[in-house]
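**Student:** If you use UniProt numbering, the sequence shown closes out at 477, no skipped numbers anywhere.
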Amino acid sequence: MSITRRNVVLTSTFVFLLILIALASRNLGFVTTYSAALHLTSPAGAAPAATPSEPSSAKPAPSHELSTTTSRPAESQEYFHQAFSSKKATALDFPTIKHVCDRIPWEEKEQDRVYLQCGEMFAGLTSIMSQLKVCFKYALDSGSHLVLPSMPLRDSTNLKEFNTENQKAYHEYGEWFDAEHLIETLGQACPKMKIVRIKQLNKDVQVKYDWKVDIGKAPGYRLFTSYYWPGRRFQPFLEDELAKLREEAEKAPAPEHTDGITVVHIHAMFLVYRITDDPTGHDLKLWNEIGSLIRFKEDTRTIVNELLSLIGRPYYGVHFRAENDTIWSSPENQLAVDLDALDQAWAKFGSPDAERPLVYLACGDKGQVKTFVEAGAARGWKVTHKWDVASKSPNKEDLLKRMDALAFDFLGSLDMGVMMMGNFFLGITGSAFSSTVANARDGTGRYRGSSFYLEDDGGARSHLMNDGEADAYPCCL
Numbered sequence: 001m002s003i004t005r006r007n008v009v010l011t012s013t014f015v016f017l018l019i020l021i022a023l024a025s026r027n028l029g030f031v032t033t034y035s036a037a038l039h040l041t042s043p044a045g046a047a048p049a050a051t052p053s054e055p056s057s058a059k060p061a062p063s064h065e066l067s068t069t070t071s072r073p074a075e076s077q078e079y080f081h082q083a084f085s086s087k088k089a090t091a092l093d094f095p096t097i098k099h100v101c102d103r104i105p106w107e108e109k110e111q112d113r114v115y116l117q118c119g120e121m122f123a124g125l126t127s128i129m130s131q132l133k134v135c136f137k138y139a140l141d142s143g144s145h146l147v148l149p150s151m152p153l154r155d156s157t158n159l160k161e162f163n164t165e166n167q168k169a170y171h172e173y174g175e176w177f178d179a180e181h182l183i184e185t186l187g188q189a190c191p192k193m194k195i196v197r198i199k200q201l202n203k204d205v206q207v208k209y210d211w212k213v214d215i216g217k218a219p220g221y222r223l224f225t226s227y228y229w230p231g232r233r234f235q236p237f238l239e240d241e242l243a244k245l246r247e248e249a250e251k252a253p254a255p256e257h258t259d260g261i262t263v264v265h266i267h268a269m270f271l272v273y274r275i276t277d278d279p280t281g282h283d284l285k286l287w288n289e290i291g292s293l294i295r296f297k298e299d300t301r302t303i304v305n306e307l308l309s310l311i312g313r314p315y316y317g318v319h320f321r322a323e324n325d326t327i328w329s330s331p332e333n334q335l336a337v338d339l340d341a342l343d344q345a346w347a348k349f350g351s352p353d354a355e356r357p358l359v360y361l362a363c364g365d366k367g368q369v370k371t372f373v374e375a376g377a378a379r380g381w382k383v384t385h386k387w388d389v390a391s392k393s394p395n396k397e398d399l400l401k402r403m404d405a406l407a408f409d410f411l412g413s414l415d416m417g418v419m420m421m422g423n424f425f426l427g428i429t430g431s432a433f434s435s436t437v438a439n440a441r442d443g444t445g446r447y448r449g450s451s452f453y454l455e456d457d458g459g460a461r462s463h464l465m466n467d468g469e470a471d472a473y474p475c476c477l
């Protein structure tokens with residue numbers, strides 16, 4: 001089936017009806033159902049009956065040590081450093097990436113090189129980050145080179161408007177993330193992999209063939225079902241498709257340029273890799289290293305570290321998924337279970353003689369933030385948020401102005417950085433944001449379960465309330 005980008009903007013009611021139809025017939029067009037699934041699994045909310053559960057606990061921060069009662073996993077600290085440090089990130093060895101690259105028989109001649117240009121990526125920030133990881137893994141799995149992709153920034157007011165048909169909304173990788181970090185890091189870990197920017201094509205870098213590979217043609221592939229794992233690899237599929245395209249090219253008139261590269265457009269499919277289905281653990285190590293290639297831009301990193309320096313006391317982070325694109329779990333339900341979980345966290349991990357920690361709320365809706373602040377106060381919790389923290393700065397006008405200049409998803413990256421450093425984290429399983437934070441806080445790179453119930457959480461100190469709408473996140477996000 002071909003993959004296009006039409007009809008991806010749906011109202012929440014229409015999305016829900018499409019999902020019901022899909023379950024009954026499984027005959028929907030690819031883009032329509034894929035868009036619906038992103039509403040459900042990525043930035044969506046939770047099922048109506050989420051249950052309170054697990055508590056929050058204590059976790060210190062590398063450069064902002066707020067508590068000495070819990071030791072943060074070294075891997076989690078390193079991830080924060082790579083993604084959010086204000087100064088240049090210390091170079092990592094990336095042994096798994098290096099091992100993979102050393103085994104690849106890279107093509108020496110430029111005209112033999114295949115460059116993947118991933119596309120069809122859209123939705124919220126952490127969903128796009130996951131799709132970028134898919135793109136980078138495609139390249140590493142197949143021994144391909146990379147064209148840095150371009151992604152649309154969704155509307156900051158109507159979060160269901162992904163802007164896939166609005167060319168002005170598309171921004172190249174370097175406008176989303178730190179491109180130099182990616183290029184420099186891969187240049188050290190995988191020096192034979194070449195990386196070019198879109199604007200270099202047919203200018204600095206001549207293109208011989210410009211092809212498209214449809215991942216929907218993979219044998220046995222089904223929509224919304226994770227597909228690739230060590231027992232079914234991406235490389236053979238890509239090689240088969242390229243062989244067909246080369247055969248067609250031989251029958252066609254000679255291309256205008258005979259010495260250029262081959263660019264292959266391909267959909268970086270959300271959740272397509274079953275990362276945890278590798279008994280050796282190799283895929284997970286590779287996935288974690290790929291995640292550290294994605295570093296936020298300097299403006300974001302600077303603000304994150306300013307906010308952390310202003311908090312100045314232990315805090316529990318709560319992701320309140322109550323923005324206008326929430327479908328499943330109502331803000332009222334989330335509020336109730338979040339407050340119960342905060343109480344449980346303090347009862348389990350707190351000290352009766354100590355002051356309750358601050359609650360830092362990650363939410364992009366100021367009206368919902370106000371509701372949570374008031375409800376938290378009634379339960380004895382002092383709740384703050386990025387705008388409140390920024391207002392405590394001696395340079396608050398400048399800081400708030402820089403924050404206001406950020407689009408919705410980049411404001412979310414501020415919350416992501418602060419959530420990483422919290423002494424405990426509460427989120428919701430149906431949110432890609434929550435799941436991404438919970439994964440990154442764990443030394444394994446995967447959320448191992450609630451810190452309320454584990455004998456040893458490795459210092460992750462996280463709890464995600466189950467909403468039943470993120471079955472693919474544990475394996476594949």
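Think of the CB as a built atom: it goes at the ideal place given N, C-alpha and C, for glycine as much as any other residue.
Remember, it's a predicted structure, so these values are computed and weren't measured experimentally.
1) Within its chain, find whatever has a CB closer than 6 angstroms to the CB of Glu245; leave out the 5 residues flanking it on each side and keep chain order.
2) Measure how close the beta-carbons of Val264 and Val196 come, nearest whole angstrom, since I'm counting them as under 8 angstroms.
3) Just curious, the alpha helix (DSSP H) that Val389 is in, first and last residue?
4) For Tyr138, which residues in the same chain have their Cβ closer than 8 angstroms to its Cβ, ignoring the five residues on either side in sequence?
5) What are the residues that DSSP puts in a beta bridge with Arg232?
6) Would you kindly report the start and end of the unbroken alpha helix (DSSP H) that includes Pro394?
7) Out of curiosity, what's the CA-to-CA distance linking Glu332 and Glu306?
8) Run through the DSSP bridge pairs and tell me what Met151 is partnered with.
9) Could you say if the region 201–208 and the region 180–193 meet the contact criterion of at least three C-beta pairs nearer than 8 angstroms?
10) What number of angstroms, rounded off, separates the C-alpha of Asp136 from the C-alpha of Glu108?
11) Rounding to the nearest angstrom, what Cα-Cα distance links Asp409 and Glu455 in this structure?
12) Per DSSP, which residues does Ile261 bridge with? Please list them.
13) Which stretch, first to last residue, makes up the alpha helix (DSSP H) that contains Ile303?
14) Based on Cα-Cα distance, which residue from Tyr173, Leu148, Ile97 and Asp178 lies nearest to Ala89?
15) Take Arg274 as the anchor and find which of Ala74, Pro73 and Ala472 has the nearest alpha-carbon.
16) How close, in whole Å, do the beta carbons of Pro255 and Tyr209 come, if the pair is a contact with beta carbons under 8 angstroms?
17) Using a 10 Å radius around the Cβ and a threshold of 16 neighbouring Cβ atoms, would you call Arg154 buried or exposed?
18) Just to confirm, does Ala390 get its C-beta within under 7 angstroms of one of the non-hydrogen atoms of the ligand SAH?
19) Looking only at its own chain, which residues have a Cβ that is under 6 angstroms from the Cβ of Glu75, when we skip the five neighbours before and after it?
20) Can you tell me whether Thr258 is buried or exposed, with buried defined as 16 or more other CB within 10 angstroms of its CB?
21) Report the three-state DSSP secondary structure of Ile266 (helix, strand or coil).
22) Our contact map puts Lys369 next to Tyr315 with C-beta atoms below 8 angstroms; I'd like the distance itself, whole angstroms only.
23) Count the CB pairs spanning the region 84–102 and the region 296–312 that are closer than 8 angstroms, and state whether there are at least three.
24) Does the beta-carbon of Lys366 have 16 or more other beta-carbons within 10 angstroms, so that it is buried, or is it exposed?
25) Could you please give me the residues that DSSP links to Met465 through a beta bridge?
26) Specify, as a first and last residue, the run of the beta strand (DSSP E) that Cys475 falls within.
27) Report, in whole angstroms, the separation of the C-beta atoms of Met421 and Ala440, which I expect to be a contact under 8 angstroms.
28) Do three or more CB pairs link the region 121–130 to the region 218–231 at distances below 8 angstroms?
29) In the DSSP assignment, what are the bridge partners of Ala362?
30) Measuring alpha carbon to alpha carbon, tell me which of Ala123, Pro95, Asp141 and Leu92 ends up nearest Pro105.
31) For Ile97, which of helix, strand or coil comes out of DSSP?
32) Please classify Gly281: is it buried, with 16 or more other beta-carbons within 10 angstroms of its beta-carbon, or exposed?
33) Given Arg446, which residues of its chain have a CB within under 6 angstroms of its CB, disregarding the five upstream and five downstream residues?
34) According to DSSP, is Ile275 helix, strand or coil?
**Tutor:** Reading it off the structure:
1) The amino acid at residue 245 is misidentified as Glu; the sequence shows Leu. Closer than 6 angstroms at Cβ, skipping near neighbours: Trp211.
2) That belief does not hold up - the Cβ atoms of Val264 and Val196 are roughly 13 angstroms apart, past 8 angstroms.
3) Start and end: Lys386 to Ala390.
4) Within the same chain, Tyr138 has close Cβ partners Leu116, Cys118, Ser144, Phe234, Leu238, Ile266 and Ala268.
5) Partner(s): Trp229.
6) Per DSSP, Pro394 lies in no alpha helix (DSSP H) segment and is marked neither H nor E.
7) Rounded to whole angstroms, the gap between the alpha carbons of Glu332 and Glu306 is 31 angstroms.
8) Beta-bridge pairing links Met151 to His171.
9) The region 201–208 vs the region 180–193: no contact.
10) Reading off the sequence, residue 136 comes out as Phe, not Asp. Going from the Cα of Phe136 to the Cα of Glu108 covers about 20 angstroms.
11) Cα to Cα, the separation comes out at about 35 angstroms.
12) Paired residue(s): Val207.
13) Where Ile303 is concerned, the enclosing alpha helix (DSSP H) starts and stops at Glu298 to Ile311.
14) It is Asp178.
15) Nearest option by C-alpha distance: Ala472.
16) Contact between Pro255 and Tyr209 holds: their C-beta atoms lie close to 6 angstroms from each other, under 8 angstroms.
17) Classification for Arg154: buried.
18) Absent from the structure shown: the ligand SAH. Ligands present: none.
19) Here the set comprises Gly443.
20) Thr258 is exposed by the Cβ-count criterion.
21) Ile266 falls in the strand class under three-state DSSP.
22) Looking at the sequence shown, residue 369 is not Lys but Val. About 15 angstroms separates the two Cβ atoms, so there is no contact after all.
23) Touching, yes, given that three or more Cβ pairs across the two stretches are closer than 8 angstroms.
24) Exposed, since its Cβ has fewer than 16 Cβ neighbours within 10 Å.
25) Per DSSP, the beta-bridge partners of Met465 are Ile428.
26) Going by DSSP, Cys475 is part of no beta strand (DSSP E) but of the alpha helix (DSSP H) stretching over Tyr473 to Cys476.
27) Contact between Met421 and Ala440 does not hold, since the beta-carbon distance rounds to 11 angstroms and is not under 8 angstroms.
28) The region 121–130 is not in contact with the region 218–231.
29) Beta-bridge partners of Ala362 (DSSP): His319.
30) Between Pro105 and the set Ala123, Pro95, Asp141 and Leu92, the nearest pair of CA atoms involves Asp141.
31) The DSSP-derived three-state label of Ile97 is helix.
32) With fewer than 16 other Cβ atoms within 10 Å, it is exposed.
33) Only Asn439 meet the Cβ criterion.
34) In this structure, DSSP gives Ile275 a state outside helix and strand, which the three-state scheme calls coil.
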